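Shown next, in structure tokens, is the structure this report addresses.
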Amino acid sequence: MAAAELIELWRGGLRESAHLGHAVICDGKGIVEAWGDPGAVIFPRSSCKMIQALPLVDSGAADAAGLSSEELALACASHNGAEIHTRRVSAWLDRLGLAESDLRCGAHLPNDPAERRRLTCSETAPCQIHNNCSGKHAGFLTLNRHLGGGAEYVELDHPVQRAVRDAFEAETGETVAGWGIDGCSAPNFAVTVAGLARAMAGFAQPGADRRGQARRRLVEAMIAHPELVAGEGRACTEMMRAARGRAALKTGAEAVFVAILPERGLGVALKVADGATRGSEAAIAALMVHLDIFDEKDPVVQKYLSGPLRNWRGLATGELRRASGFPR
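1 is the number of the first residue of the sequence shown in the UniProt record's numbering; add one for each residue after it.
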């Protein structure tokens, strides 16, 4: 099956561009609705961090380390590298007796404007704690200490990544189709869009067993601390705040987005084929309206979907629209 048109860009009364992709809504029994090809194989990138964090919790490593709900949210985060993020990750590592040098995620300038400005003006280089995945990697290190693995915890055959792969296949119900190296150097496992949505439905209906309790704790942590999962001005944070406890949402690089809807028992996954974040943010906003999580007039919907696009002078230049056949 081909990718479906999901989101259009209109300018001057003409359709200028279109974002094609795949979107799936699942419940505990399977696919409820789909657009494009549910069997399209994708890299979920950072949208799957709650799956990557499952072994941390259900192994007992999180409790052995006394992790808080804030730290569990950071384990699922692609954060801005703001002070609220870096301070908590630093304290987490300190409590474990570990250092920034134990991380294997690499360093980059933070996305948070204040922290970026502080580093630039002081001519201070960013460190690995500024990496948007440093919380996930602190989780890997916590699990690694529990498992007794070696220092190179991002290697494919390391006990940490074997545990992550096992969790990934169990949650998606699929054998992974392949793997690649993510931006933070950890393996990222390829699955179908339907498999990713199926996994999110599992988080929405977590069950009462040990794995189910781990799913529930991670979702509750994300919903309780949306500012730690991403940061100010970010779609994940703003959409979770707008959802008011009814959904956990997580983006991934190359225009992947997922949502977990505990009250509805639904999981959502989408991939915009051109990799444009603009398209994935608009598409997930449209699906959240479709599923009655957001009202069409909610400011977050106006920002990411239905509000006008403006140029540098503030002039309205165009608008995003749902493509014909994508839910309204």
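No residue lacks a Cβ here, since even glycine has one placed at the ideal position from N, Cα and C. No experiment lies behind these values; they were computed from the predicted model shown.
Item: May I ask you to report which of helix, strand or coil DSSP gives Glu-123?; Value: coil
Item: Does the stretch 226-236 come close enough to the stretch 197-210 that 3 or more CB-CB pairs lie under 8 Å?; Value: no
Item: By Cβ distance, which residues of its chain are closer than 7 Å to Arg-11, with the 5 residues on each side in sequence left out?; Value: Thr-317 and Gly-318
Item: What's the C-alpha gap between Trp-35 and Val-256?; Value: 14 Å
Item: Considering only the beta carbon of each residue, do Met-288 and Ala-253 sit closer than 8 Å?; Value: no
Item: Measure the C-alpha to C-alpha separation of Ser-17 and Leu-9 and round it to an integer number of angstroms.; Value: 5 Å
Item: When the Cα of Gly-21 is compared with those of Ile-31, Leu-6 and Asp-27, which residue comes out closest?; Value: Leu-6
Item: Measuring straight from C-alpha to C-alpha, what distance separates Val-57 and Gly-81?; Value: 24 Å
Item: Apart from the five residues on each side of it in sequence, which residues of its chain come closer than 8 Å, Cβ to Cβ, to Asp-295?; Value: Val-289 and Val-301
Item: For the 8 Å Cβ check, are there 3 or more pairs between the stretch 60-74 and the stretch 110-121?; Value: no
Item: What's the call for Arg-104, buried or exposed, on a 16-neighbour Cβ count within 10 Å?; Value: buried
Item: Since Gly-173 contacts Gly-195 with CB under 8 Å, what's their CB separation in whole angstroms?; Value: 6 Å
Item: Restricting to runs no shorter than 4 residues, where is the alpha helix (DSSP H) found entirely within the stretch 2-52?; Value: 49-52
Item: Do you know whose CA, among Ala-167, Ala-242, Asp-102 and Asn-311, lies nearest Met-200's CA?; Value: Ala-167
Item: Under 6 Å Cβ to Cβ from Leu-54, same chain only, skipping five residues before and after it: list those, please.; Value: Ala-167 and Ala-214
Item: Where does Glu-319 sit, in a helix, a strand or coil, going by DSSP?; Value: strand
Item: Applying the 10 Å Cβ sphere with the 16-neighbour rule, what's the burial state of Met-50?; Value: buried
Item: So which of His-19, Ser-47 and Asp-37 has the shortest CA-CA distance to Thr-251?; Value: Ser-47
Item: Just to check my reading of the structure: Cys-26 and Gly-267 have Cβ atoms closer than 8 Å, yes? What is that Cβ distance to the nearest angstrom?; Value: 5 Å
Item: Among His-19, Asn-131 and Asp-182, which one has its Cα closest to the Cα of Ser-320?; Value: Per the sequence presented here, residue 320 reads as Leu, with Ser not at that position. Selected option, being the one with the closest Cα: His-19.
Item: Would you say the stretch 84-99 touches the stretch 174-185, given that touching needs at least three Cβ pairs under 8 Å?; Value: no
Item: Assign Thr-175 to one of two classes, buried (16 or more other C-beta atoms within 10 Å of its C-beta) or exposed (fewer than that).; Value: exposed
Item: Based on DSSP bridge pairs, tell me the residues matched to Val-191.; Value: Ile-42
Item: For the alpha helix (DSSP H) that contains Trp-92, what are its first and last residues?; Value: 83-96
Item: Where does Gly-180 sit, in a helix, a strand or coil, going by DSSP?; Value: strand
Item: Can you give the Cα-Cα distance for His-146 and Ala-138, rounded to whole angstroms?; Value: 13 Å
Item: Do Val-191 and Val-41 come within 8 Å of each other at the CB atom, strictly closer than that value?; Value: yes
Item: If the criterion is Cβ atoms closer than 8 Å, does the pair Pro-110 and Pro-126 meet it?; Value: yes
Item: Identify which residue in Ala-285, Gly-325, Ser-324 and Leu-315 has its Cα closest to the Cα of Ser-306.; Value: Ala-285
Item: Quick check on this structure: which residue in Ile-31, Ala-276, Ala-4 and Leu-143 has the alpha carbon closest to the alpha carbon of Leu-98?; Value: Leu-143
Item: In angstroms, rounded to a whole number, what distance separates the CA positions of Gln-128 and Met-240?; Value: 27 Å
Item: Just confirm the distance between the C-beta atoms of Arg-165 and Phe-140, as a whole number of angstroms; I'd bet it's less than 8 Å.; Value: In fact, because the Cβ distance is near 13 Å, the residues do not count as touching under 8 Å.
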